[in-house]
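S.K.:
Protein chains in written order, with this note's numbering: chain D, 2 to 433; chain E, 2 to 263.
1. Please state whether the Cβ-Cβ distance between residue 339 of chain E and residue 170 of chain E is less than 8 Å.
2. Count the other CB atoms within 10 Å of the CB of residue 281 of chain D; is the residue buried (16 or more) or exposed (fewer)?
3. At 4 residues or longer, and completely inside the region 15-61 of chain D: list those alpha helix (DSSP H) runs for me, N to C.
4. Going by DSSP, name the residue or residues bridged to residue 122 of chain E.
5. Between residue 34 of chain E and chain D, is any beta-carbon pair separated by less than 8 Å?
6. Cutting at 7 Å between CB atoms, please list the residues of its own chain near residue 151 of chain D, excluding the five before and the five after it.
7. Which residues of the region 380-409 of chain D have a Cβ closer than 7 Å to any Cβ of chain E? Give them in chain order.
8. Can you give me the start and stop residues for the beta strand (DSSP E) that residue 252 of chain E sits inside?
9. Report the residues of the region 58-74 of chain E with a CB closer than 8 Å to any CB of chain D, ordered along the chain.
10. Name, going along the chain, the residues of the region 355-375 of chain D whose beta-carbon falls closer than 9 Å to a beta-carbon of chain E.
11. Measure from the alpha carbon of residue 241 of chain E to the alpha carbon of each residue in E:216, E:71 and E:21, then state which is nearest.
12. Tell me which residues share the same chain as residue 395 of chain D and place their Cβ nearer than 6 Å to its Cβ, disregarding the 5 neighbours each side in the sequence.
13. To be precise: take each residue of the region 303-332 of chain D, compare its Cβ to all Cβ atoms of chain E, and keep it if any distance is under 8 Å. Which residues remain?
14. When DSSP labels each residue in this structure, what does residue 8 of chain D get in the three-state scheme?
15. How would you label residue 196 of chain E, buried or exposed, when you count the other beta carbons within 10 angstroms and need 16 or more for buried?
16. Determine the DSSP secondary structure at residue 68 of chain E, reduced to helix, strand or coil.
17. Assuming residue 321 of chain D and residue 366 of chain D form a contact by the criterion Cβ under 8 Å, report the distance between their Cβ atoms to the nearest whole angstrom.
18. Is the shortest distance between the beta-carbon of residue 186 of chain D and the beta-carbons of chain E less than 8 Å?
19. Residue 4 of chain E: buried (16+ other C-beta within 10 angstroms of its C-beta) or exposed?
20. Buried or exposed: where does residue 44 of chain E fall if 16 or more other Cβ atoms within 10 Å of its Cβ makes it buried?
21. Determine which residues of the region 419-431 of chain D have a Cβ less than 7 Å from any Cβ of chain E, and write them out in chain order.
22. State yes or no: is the beta carbon of residue 252 of chain D nearer than 8 Å to at least one beta carbon in chain E?
23. Report the start-end ranges of each alpha helix (DSSP H) in the region 186-224 of chain E that is 4 residues or longer and not cut off at the edges.
24. Taking Cβ positions, are residue 94 of chain E and residue 132 of chain E nearer each other than 8 Å?
25. Helix, strand or coil: which one does DSSP assign to residue 172 of chain E?
26. On the premise that residue 368 of chain D lies in contact with residue 141 of chain D, defined as a C-beta separation below 8 Å, what is that separation, rounded to the nearest angstrom?
27. Can you have a look at residue 84 of chain D and say buried or exposed, based on whether 16 or more other CB atoms are within 10 angstroms of its CB?
28. Any contact between the region 284-302 of chain D and the region 167-184 of chain E? By contact I mean 3 or more CB pairs, one from each, below 8 Å.
29. For residue 33 of chain D, tell me which candidate among D:217, D:300, D:423 and D:418 has the shortest Cα-Cα distance.
30. At a Cβ threshold of 8 Å, is residue 265 of chain D touching chain E?
31. Please check if any C-beta of chain D sits within less than 8 Å of the C-beta of residue 265 of chain E.
32. Apart from the five residues just before and just after residue 422 of chain D, which ones in its own chain have a Cβ nearer than 8 Å to its Cβ?
33. With a threshold of 6 Å on Cβ separation, who are the neighbours of residue 144 of chain E within its own chain once the five nearest residues in sequence on each side are excluded?
34. Taking buried to mean at least 16 other C-beta atoms within 10 Å of its own C-beta, is residue 432 of chain D buried or exposed?
35. Classify residue 239 of chain E: buried if its beta carbon has 16 or more other beta carbons within 10 angstroms, exposed otherwise.
36. By Cβ distance, which residues of its chain are closer than 8 Å to residue 201 of chain E, with the 5 residues on each side in sequence left out?
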């Protein structure tokens, strides 16, 4: 009874805390500008099914894809086990699914164990890739102490959770063999069977091991849940809505600025009366000038670096890194959110995404080639943020690089980006 | 040009409507290298007897470099003026000689009221091949030569056109090789996003030089492309590695013209 009470208190606290922090992330995302991503729902479900559920964009890197699919399937399937643990914890039962499921339960446990082992091995390999092999993709200016630690914490936690799960099963398996108390024989334990010989043989000690591992496993999972909103690991949840709200247009289509259309139409036709619109700045200086989808992108980013590794600017040593664009956006919107919590919603600090986080040099290094957009396994679009910030720099500040200002001037005066006369535009037909 | 290139103004004066408008683009109009490609596209159109016209001096920049650089005002001014001209001639179908013009008119003009069927010249060539109107005979043989296709970003990733230019190369009976970074993984030439009109930001090397690593690895003797900006960047890249004799950079249209002896 006391165990159940403690369990209920811990569970309630964990769920409440997670809910509160997830709501804060949601609030922060909604600080972004409005944007309509509700058209073509069937295409959206299909994209989510293909990209998030089906992990279709992971396959370009087969080694990482296979390891990731183990961890992903492990995570999804082992949740069935977590459901049993929750019911057992709430009602004081033990392996509540074993009786109704009969021999199928044994198969389930067997598959959980195999998956748990695969998760464990995959995470170990991931750790080696990051810390021993030091793959280039996991380095770079934005991969400072916290992002590196964050990745390691996640991997170590998953290894610990899987170890606890398997050790718990091993103790259970041994107790079953002893026909001890309520530890009924429930099928084979294909992985933990090998750990069992390492455990003590006394029933009392085995019960102790089983219980400690059970508690460690479930408290670990709840703690991990609460770590998510602070971590890049939030992608395991946000990958789904973020792919649902994917941009469905061709990648080359940059958003039309309707606010500009009104002004241009009024300029070309003085009789045109634009509908009154909310006055806002052109482009983005700070995170709140971006759309909510840009901000959701930022919270979804798991810093895998596929974008940066294919960015032509980054490959050739320029300062631009699309991953940094996303991390900066998330850091800044989190800071804006924290300011609201501390000082109220009208508080304005003296920082902005432009200059305090993202430099102009980074913005002007982009070739808008869409390689980063194409590479992202969860359909994040760093290019849209870069474009929005260029728009602010050009249209609000008139601070484009001088050579681009020349290009604008040429286009305005003679309809071409170079200094050629419009009258000469058809001369190519005269030559051979 | 041997045959006269008809303009829309002339056609309209005669009460005629061409099947397709050839949108030449700024590079195709002014850049000497790109002018040759423009003339080759005309030769192909004339060879198959397709009725077409150009806007001539009535054409103006689509606004693409302004849009990518963040100057939405200038882009929309250009777009709206161009749409007025195109709609004035009741244009329905456009072929462009440049992926940037192609992307902008196809994807970004509709929001400003300009709705046209737009294809890139590689798609036109593919259609003509599929219809049996265009072959690879009577001209230079590319048989056995190693040709690789450099995907322009605004044709490939931006609009998912990967097969059309490759179809135009397949009929050459050449040895088509892919570079390590191709199709959706293709590496930019370095000119997109208005980079064509500015110096690159500080870095270790230029992007077109990086691309030459892929070219050398593929051991190609011809780099085919379909974009005047890629043409400039790749030609410079080949110069930097001093391989102008061994490696030629050619547009899909130029290759088609050479293969057919037009």
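Glycine included, each C-beta is placed from N, C-alpha and C at the ideal position.
M.R.: To lay it out plainly:
1. This structure does not reach residue 339 of chain E, given that chain E is present from 2 up to 263, and the question cannot be answered.
2. Position 280 of the first chain holds residue 281 of chain D. By the 10 Å Cβ count, residue 281 of chain D comes out exposed.
3. 42-48
4. Here residue 122 of chain E corresponds to residue number 121 of the second chain, with the count starting at 1. Answer is none; residue 122 of chain E lacks a bridge partner.
5. What you label residue 34 of chain E is simply residue 33 of the second chain in a count that begins at 1. It does not; no Cβ of chain D falls within 8 Å.
6. The sequence position of residue 151 of chain D within the first chain is 150, counting from 1. Cβ neighbours of residue 151 of chain D beyond the five flanking positions: 232 and 233.
7. 388, 391, 392, 394, 395, 396, 401, 402, 404, 405, 408 and 409
8. Along the second chain, one-based indexing puts residue 252 of chain E at 251. 249-252 is the span of the beta strand (DSSP E), which, as asked, contains residue 252 of chain E.
9. 58, 60, 61, 62, 64, 66, 67, 68, 69, 70, 71, 72, 73 and 74
10. The residues in question are 362, 363, 364, 365, 366, 367, 368, 369, 370, 371, 372, 374 and 375.
11. Within the second chain, the letter at position 240 stands for residue 241 of chain E. The residue with the shortest Cα to Cα distance from residue 241 of chain E is E:216.
12. Along the first chain, read from residue 1 onward, the residue named residue 395 of chain D stands at position 394. Answer for residue 395 of chain D: 401, listed in chain order.
13. 311, 313, 314, 316, 317, 318, 319, 320 and 321
14. The residue you call residue 8 of chain D lines up with position 7 of the first chain. Of the three classes helix, strand and coil, the one that applies to residue 8 of chain D here is helix, per DSSP.
15. Your numbering for residue 196 of chain E matches position 195 in the second chain. So residue 196 of chain E counts as buried.
16. Position 67 of the second chain, counting from 1, holds the residue named residue 68 of chain E. Reduced to three states, the DSSP call for residue 68 of chain E is helix.
17. What you label residue 321 of chain D is simply residue 320 of the first chain in a count that begins at 1. What you label residue 366 of chain D is simply residue 365 of the first chain in a count that begins at 1. Confirmed, about 4 Å.
18. Counting from 1 along the first chain, the entry for residue 186 of chain D is found at position 185. It does not: the Cβ of residue 186 of chain D has no partner Cβ on chain E nearer than 8 Å.
19. Your numbering for residue 4 of chain E matches position 3 in the second chain. Its Cβ having fewer than 16 others within 10 Å, residue 4 of chain E is exposed.
20. The residue given as residue 44 of chain E occupies position 43 in the second chain. Looking at its Cβ environment, which holds 16 or more other Cβ atoms inside 10 Å, residue 44 of chain E is buried.
21. 419, 421, 423, 424, 426, 427, 429 and 430
22. As a working mapping, residue 252 of chain D is identified with position 251 in the first chain. Judged by the 8 Å Cβ criterion, residue 252 of chain D is in contact with chain E.
23. 208-219
24. In the second chain, residue 94 of chain E corresponds to position 93, counting from 1. In the second chain, residue 132 of chain E corresponds to position 131, counting from 1. Judged by beta-carbon spacing, residue 132 of chain E lies beyond the 8 Å limit of residue 94 of chain E, meaning their Cβ atoms are not closer than that value.
25. Here residue 172 of chain E refers to the residue found at position 171 when the second chain is read from its first residue. Looking at residue 172 of chain E - three-state DSSP - the assignment turns out to be coil, as it is neither helix nor strand.
26. Locating residue 141 of chain D in the first chain gives position 140, counting from the first residue. Locating residue 368 of chain D in the first chain gives position 367, counting from the first residue. About 18 Å; that fails the 8 Å criterion.
27. Working through the first chain from its first residue, we reach residue 84 of chain D at position 83. It counts as exposed.
28. no
29. What you label residue 33 of chain D is simply residue 32 of the first chain in a count that begins at 1. It is D:300.
30. Taking the first residue of the first chain as 1, we reach residue 265 of chain D at position 264. Output row for residue 265 of chain D: interface = yes.
31. Residue 265 of chain E lies beyond the residue range present for chain E, which begins at 2 and ends at 263; the question has no answer from this structure.
32. The residue labelled residue 422 of chain D in the question sits at position 421 within the first chain. Counting only Cβ-Cβ distances below 8 Å, and skipping sequence neighbours, we find 415.
33. Here residue 144 of chain E corresponds to residue number 143 of the second chain, with the count starting at 1. The answer, listed in chain order, is 174.
34. Here residue 432 of chain D is taken as the residue at index 431 of the first chain, counted from 1. Exposed: under 16 other Cβ atoms inside 10 Å.
35. Locating residue 239 of chain E in the second chain gives position 238, counting from the first residue. Counting Cβ neighbours within 10 Å, residue 239 of chain E comes out buried, since at least 16 surround it.
36. What you label residue 201 of chain E is simply residue 200 of the second chain in a count that begins at 1. Only 191, 207 and 208 meet the Cβ criterion.
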